[in-house]
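**Student:** Take this structure first; my questions come after.
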Amino acid sequence: MDEMQTEEKAWKSTFTEGGTTYAASLFWQPLLNEDKPLPEVKEAAENILEGADLYLVRKGKSPQFGLAASSQGFTKGLPSAAVALISGLGNITSFLGVFKVDTGWWYVCFRNDVILSDGDTLFISERDAKNQFISMLAVPDWDAIFAPQEWAIEDTKEADLPTLLGKGLQIKLDKIDASNDAIMLAVIVVCFAIILWFAYSTLKDLFFSKPEPPVVQPIEQVEQEEELPPEPKPWENLNNPIDVMRNCYLATQKVVELVAPGWHLEGVTCNASGLVTSWRREIGRLTFIEQALDVSGVNFSSRVLSRDGNTLMASLPVDQPQTQNSPPEYTEDELINTINDINQALDINIMLSPKQWVSPRGTKYQLMDFTISSNNDPLTWIQLLMKFSGLTINTITYDINSANWTFKGEIYEL
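Residue 6 is where the sequence shown starts when you use this note's numbering, and the numbers rise one by one after that.
Structure below.
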């Protein structure tokens, strides 16, 4: 089923663990009427996720429904991996994780008993999964954080995924419109009739036609060794750091300017994919924050309210950054010496941490992780950081209480 998807696709729809095939990459939405979900499901299928014809319901403190489309490799009867994992973890209400599975890297973001709309994605690329994971890592107060052991990220652990999925609830995808079953039955009947006709024609020719002697041609076996194309270098397709910093700065300005009486902005996390933020109620009412967002003119891609009505998480899309070929120019020693000189000259502290990345073909690349904490905004840092080729900005966070910006990224080495 997954093999039918194109190679350019950034995600897949299923993976197999413990002998069971699970559905991932569902599109999750809050459910208001748990007893009669179909009206909400159909409305979302028509207006939000075009082509969706499958759904399932996750019951609990914050009911949700997940949408999927048969055209994207999903089929009726597949159990939801996200529901199985959440129920398998028990009473955990907020967790972040990436799990390496047979078809890719499964990213899950479950916050305040809610699966985020993009919090159930089976990435084909490890880099995409890691970037998405890191973009949410700065959000505080996770009950648990899971990551592959080879990533060596502090305060994370590797879960026994087959066991957790096996003991979790097996909620399966069902069709939104039952009339599709009648159409499918009619198609099956027609196909069966065609098969019978073909079998009858074949048998008739076989028994009532004069057989012709077979013509045997020698089969020439030619073994050709498939030559793989050169493996692209990871720095040949990097997001332009200038675009990322500028886009994140502009998006942050939009949410910081939003004011709702009695509600406090907790913080902002942004990367090349978008911005995530949340507000917490101190006093006042829920309608205050909803009205503030409604009249702001900001087009949020998702808004998720906690079950108790005291926290609202929202995500905001940013412009897609351009990509560039940015080969490294420094060895590890040269890079360390250059950044140390900048630290001494400007009296700042750019923190460094060497690491290694291994490509799918086993090629090893050396990188230097960096972290910058500063009261200067991203536009101020553009000129300084652009002197480093092979640089990527992974996340930018903003603490509204201290007006402090934190930049995390990596630089490839020679």
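We put the CB at the ideal spot given by N, CA and C, even for glycine.
Should leucine 372 go down as buried or exposed, given a rule of 16 or more other Cβ atoms within 10 Å for buried?
**Tutor:** buried
**Student:** Checking the sheet assignment: what are the DSSP bridge partners for glycine 414?
**Tutor:** Phe375 and Ile398
**Student:** Going by the beta-carbon positions, is the gap between glycine 23 and proline 167 smaller than 8 Å?
**Tutor:** Proline 167 is positioned such that its CB atom lies closer than 8 Å to that of glycine 23.
**Student:** Do the stretch 361-368 and the stretch 268-279 make contact, defined as three or more Cβ pairs closer than 8 Å?
**Tutor:** Touching, no.
**Student:** Compute the Euclidean distance between the alpha carbons of serine 184 and aspartate 58, then round it to the nearest angstrom.
**Tutor:** Per-residue confidence for serine 184 stands at a pLDDT of 40, beneath the threshold of 50, marking its modelled position as unreliable; the derived number appears in the next sentence. Their Cα atoms are separated by approximately 11 Å.
**Student:** Short check: CB of glutamine 82 to CB of leucine 178, under 8 Å?
**Tutor:** Note that residue 82 is glycine in the sequence shown here, rather than glutamine. Yes, Cβ-Cβ distance for glycine 82 and leucine 178 is below 8 Å.
**Student:** For threonine 35 and serine 407, I'd like the C-alpha separation in whole angstroms.
**Tutor:** At residue 35 the sequence reads proline, which differs from the threonine that was named. Distance between the alpha carbons of proline 35 and serine 407: 33 Å.
**Student:** In the DSSP output, which residue or residues are listed as bridge partners for asparagine 244?
**Tutor:** Thr328
**Student:** Just confirm the distance between the C-beta atoms of alanine 15 and isoleucine 139, as a whole number of angstroms; I'd bet it's less than 8 Å.
**Tutor:** Not confirmed; about 17 Å, so no contact.
**Student:** By Cβ distance, which residues of its chain are closer than 8 Å to serine 142, with the 5 residues on each side in sequence left out?
**Tutor:** In the sequence under discussion, the amino acid at residue 142 is leucine, which differs from the serine named in the question. Closer than 8 Å at Cβ, skipping near neighbours: Leu101, Ile150, Ile158 and Thr400.
**Student:** State the beta-bridge partners of leucine 94 as determined by DSSP.
**Tutor:** Paired residues: none, contrary to the question.
**Student:** Which residues in the same chain have their Cβ closer than 6 Å to the Cβ of threonine 161, if we skip the five residues on either side of it in sequence?
**Tutor:** Ile150 and Ala152
**Student:** CB-CB under 6 Å to threonine 126, same chain, minus the five flanking residues each way: which ones, in chain order?
**Tutor:** Trp16, Ser30 and Tyr112
**Student:** Exposed or buried, which one is phenylalanine 20 when buried takes at least 16 other CB atoms within 10 Å?
**Tutor:** buried
**Student:** Quick check: does the Cβ of proline 35 come within less than 7 Å of any heavy atom belonging to the ligand MN?
**Tutor:** Summarising the ligand content, the structure contains no ligands, and the ligand MN is consequently not present.
**Student:** How far does the alpha helix (DSSP H) with glutamate 45 in it reach, from first residue to last?
**Tutor:** 43-52
**Student:** Do the stretch 325-340 and the stretch 230-247 meet, that is, are 3 or more Cβ pairs less than 8 Å apart?
**Tutor:** yes
**Student:** Glutamate 271 by DSSP, collapsed to three states: which one?
**Tutor:** DSSP, reduced to helix, strand and coil, places glutamate 271 within a strand of the structure shown.
**Student:** Identify every residue that forms a DSSP beta bridge with alanine 319.
**Tutor:** Thr282 and Arg308
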